[in-house]
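Take the sequence shown: its letters are residues 1 to 262, numbered as in UniProt numbering. Just so it is clear, CB atoms sit at the ideal spot from N, CA and C, and this is done for glycine as well.
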Amino acid sequence: MSDPLFDDDDNAGWIFTFADLMSLLLVFFILLYSLSRMTETTLVAALSSIQIALNSNGALVRQDPLKYSGGGTETIKPVEPQMATNKELTYAEEPVDEVVREEVNTIANDVASRFNAASMDSQVSVFEDGEKITIRIDGASLFESGEAEILYTALPIYQTLLAIFNKYPDYDINIKGHTDNIPINTTRFPSNWELSAIRATTTLRYFLENDIPAERMTATGYADSIPLVRNDTPANRAQNRRVEFVLQRDKDKPIPFTQNNP
Numbered sequence: 001m002s003d004p005l006f007d008d009d010d011n012a013g014w015i016f017t018f019a020d021l022m023s024l025l026l027v028f029f030i031l032l033y034s035l036s037r038m039t040e041t042t043l044v045a046a047l048s049s050i051q052i053a054l055n056s057n058g059a060l061v062r063q064d065p066l067k068y069s070g071g072g073t074e075t076i077k078p079v080e081p082q083m084a085t086n087k088e089l090t091y092a093e094e095p096v097d098e099v100v101r102e103e104v105n106t107i108a109n110d111v112a113s114r115f116n117a118a119s120m121d122s123q124v125s126v127f128e129d130g131e132k133i134t135i136r137i138d139g140a141s142l143f144e145s146g147e148a149e150i151l152y153t154a155l156p157i158y159q160t161l162l163a164i165f166n167k168y169p170d171y172d173i174n175i176k177g178h179t180d181n182i183p184i185n186t187t188r189f190p191s192n193w194e195l196s197a198i199r200a201t202t203t204l205r206y207f208l209e210n211d212i213p214a215e216r217m218t219a220t221g222y223a224d225s226i227p228l229v230r231n232d233t234p235a236n237r238a239q240n241r242r243v244e245f246v247l248q249r250d251k252d253k254p255i256p257f258t259q260n261n262p
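Below is the structure:
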């Protein structure tokens with residue numbers, strides 16, 4: 001006996017709808033399973049790919065095709081970086097020996113007076129932070145925008161720094177490059193990370209070529225990850241573009257005897 005449901009072709013259309021529903025359910029459960037096993041890296045890649053696909057401007061075709069399938073990274077906005085505070089710049093978290101504090105204060109005053117005497121106080125700032133001294137220099141005074149070659153006009157600043165480093169050989173030097181949040185994408189500098197890192201290493205090489213021992217120095221690029229102020233105005237972005245020299249005594253070297261020593 002024949003089934004009346006299949007005798008009429010018009011009455012069999014529900015099969016296709018049912019098949020579509022089952023396919024969608026299958027895809028849905030596969031998606032749930034994949035999400036349950038997704039790591040942070042793959043989740044970020046997936047979200048970035050979706051954002052790029054839905055972008056009205058189209059996909060980011062300038063990305064490396066080998067990386068594109070793994071998800072773009074430019075669309076997802078990073079967590080807003082934590083701002084540096086005056087407290088962090090002027091106070092140490094741990095107790096500091098009074099002899100060390102006095103020595104750091106003396107050196108910081110000497111460093112500041114050298115730049116003031118050379119009329120560079122508008123370009124250079126000096127801070128104490130417990131056992132460390134930070135010399136902060138305006139980035140525009142050292143490099144052209146988007147470049148990493150030291151400006152000829154910056155040589156007096158570098159020569160003053162060189163004299164300071166030679167006067168205090170027991171202090172290690174950490175060179176830190178910082179940029180604003182304006183993206184850069186050139187053949188040499190694909191991002192601000194490369195730009196800040198190469199500026200820091202270019203600066204390190206200058207002092208290395210002028211006989212500062214390599215073991216005293218480190219160079220690090222931070223891009224726009226540690227802004228001093230929010231990157232919301234041209235003046236603030238200019239303030240965030242900087243190079244910092246952090247001087248800290250080598251702990252393996254004893255502190256010279258002073259009258260304040262017990």
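May I have the straight-line CA-CA distance separating F115 from L204, to the nearest angstrom?
20 angstroms
Label N18 either buried or exposed according to how many other C-beta atoms from any shown protein chain fall within 10 Å of its C-beta, with 16 as the threshold for buried.
According to the sequence as given, residue 18 is Phe; it is not Asn. Exposed, by the Cβ-count rule.
Please list, in chain order, all residues of the same chain as Y206 whose beta carbon is under 8 angstroms from its beta carbon, the five residues on each side excluded.
I150 and Y158
Which residues bound the beta strand (DSSP E) around V126?
V124 to D129
Going along the chain, which residues of its own chain have a beta-carbon closer than 7 angstroms to the beta-carbon of Q239, five neighbours each way excluded?
L228 and V229
Which residue or residues does DSSP assign as beta-bridge partners of T220?
BP columns for T220 point to K176.
When the Cα of residue 265 is compared with those of P183, R101 and K132, which residue comes out closest?
Since the first residue shown for the chain is 1 and the last is 262, residue 265 is missing from the structure and cannot be characterised.
When you compare only the Cα positions, how much space is there between S141 and D97?
35 angstroms
Would the region 209-216 and the region 129-147 be scored as touching if the rule is three or more Cβ pairs under 8 angstroms?
no
Kindly confirm or deny that the region 171-178 and the region 190-203 touch, where touching means at least three C-beta pairs closer than 8 angstroms.
yes
Can you look up F189 in the DSSP assignment and give me helix, strand or coil?
coil
Give me the Cα-Cα distance between F28 and A223, rounded to the nearest whole angstrom.
41 angstroms
What does the alpha-carbon distance come out to for the pair V243 and E128?
16 angstroms
Rounded straight-line distance, which links the Cα of G13 to that of G72
Per-residue confidence for G72 stands at a pLDDT of 48, beneath the threshold of 50, marking its modelled position as unreliable; the derived number appears in the next sentence. Spanning the two alpha carbons is a distance of roughly 42 angstroms.
State the DSSP-derived secondary structure class of T90, mapped to helix, strand or coil.
At T90 the pLDDT is 44, less than 50, meaning the model places this residue with poor confidence and gives no usable figure here.
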